[in-house]
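J.: Below: one structure in structure tokens.
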Amino acid sequence: MDDQKLEQVKVSINGRPVKATVEPRKLLVHFIREDLGLTGTHVGCDTSYCGACTVLLDGKAVKSCNLFAVQADGKSLTTVEGLEKQGELHSLQKSFSECHALQCGYCTPGMLMSSLYHINTCDQVTESSVRKALAGNVCRCTGYQNIIEAVVSTARQVKGEMA
Numbered sequence: 004m005d006d007q008k009l010e011q012v013k014v015s016i017n018g019r020p021v022k023a024t025v026e027p028r029k030l031l032v033h034f035i036r037e038d039l040g041l042t043g044t045h046v047g048c049d050t051s052y053c054g055a056c057t058v059l060l061d062g063k064a065v066k067s068c069n070l071f072a073v074q075a076d077g078k079s080l081t082t083v084e085g086l087e088k089q090g091e092l093h094s095l096q097k098s099f100s101e102c103h104a105l106q107c108g109y110c111t112p113g114m115l116m117s118s119l120y121h122i123n124t125c126d127q128v129t130e131s132s133v134r135k136a137l138a139g140n141v142c143r144c145t146g147y148q149n150i151i152e153a154v155v156s157t158a159r160q161v162k163g164e165m166a
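Residue numbering for the sequence shown follows our numbering, starting at 4 and increasing by one per position.
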């Protein structure tokens, strides 16, 4: 690190402005977890396969193990910690609980963030569309059916979609 140039990064994370100095090679997931102390974003594989590190970057679902922190400069980041507002769980988090989609929980943050992006960007959320949207997220406990049920249930609530 001695001969490594440091970079200044300014981001909004969960609605809070943050300014930090990082190595240019520091992965976004490590910046989030180590520098910002937001450990809800998980490191599952470091290859972008599992999706446990998924966050929203300017509203788009991205795998934070596949980006450098400097690539987030000037952007807005939302992590799983940013879903809860004023002590109230997000409707998607509530649905995950109600539908028993929270097995070991390791994949849950990434599943939540990918699911939220899908709900926010898909006109009609269906079981099929959710399966496609979550194809980049791995649940090792095979809780997919309950996860899909939770996402579809939330979409029905927030979008008023019919069964």
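Every residue, glycine too, gets a C-beta built ideally from N, C-alpha and C.
Distance check for Ile122 and Ala158, CA to CA, integer angstroms please.
T.: One C-alpha to the other measures close to 6 angstroms.
J.: Mind checking which residues open and close the alpha helix (DSSP H) that includes Ser117?
T.: Segment 111–124, the alpha helix (DSSP H) holding Ser117.
J.: Compute the beta-carbon to beta-carbon distance between Val12 and Val25, rounded to the nearest angstrom, for a pair I have assumed lies under 8 angstroms.
T.: Confirmed, Cβ separation roughly 5 angstroms.
J.: Taking the DSSP output, what are the residues bridged to Ile16?
T.: Note: Ile16 sits in a beta bridge opposite Arg19, Leu80.
J.: Buried or exposed for Arg36, going by 16 or more other Cβ atoms inside 10 Å?
T.: Buried.
J.: Report the three-state DSSP secondary structure of Leu60 (helix, strand or coil).
T.: It is a strand residue.
J.: Would you report the Cα separation of Ser118 and Val154, rounded to the nearest angstrom?
T.: In a straight line, the C-alpha of Ser118 is about 6 angstroms away from that of Val154.
J.: So what does Phe71 bridge to, in DSSP terms?
T.: Answer by DSSP bridge pairing, in chain order: Leu30.
J.: Determine contact between the region 39–57 and the region 131–141, defined as no fewer than three beta-carbon pairs at a distance below 8 angstroms.
T.: At 8 angstroms Cβ cutoff, the stretches touch.
J.: Provide the residue(s) that pair with Gln11 in DSSP beta bridges, ordered along the chain.
T.: BP columns for Gln11 point to Thr24.
J.: Just the Cα atoms here: how many angstroms apart are Ser79 and Val14?
T.: Taking the straight line from one Cα to the other gives about 6 angstroms.
J.: Taking the alpha carbon of Leu115 as the reference point, which residue from Glu130, Glu84, Gln127, Thr129 has its own alpha carbon closest?
T.: The residue with the shortest Cα to Cα distance from Leu115 is Glu84.
J.: May I ask you to list the residues that DSSP assigns as paired with Lys97?
T.: Answer is none; Lys97 lacks a bridge partner.
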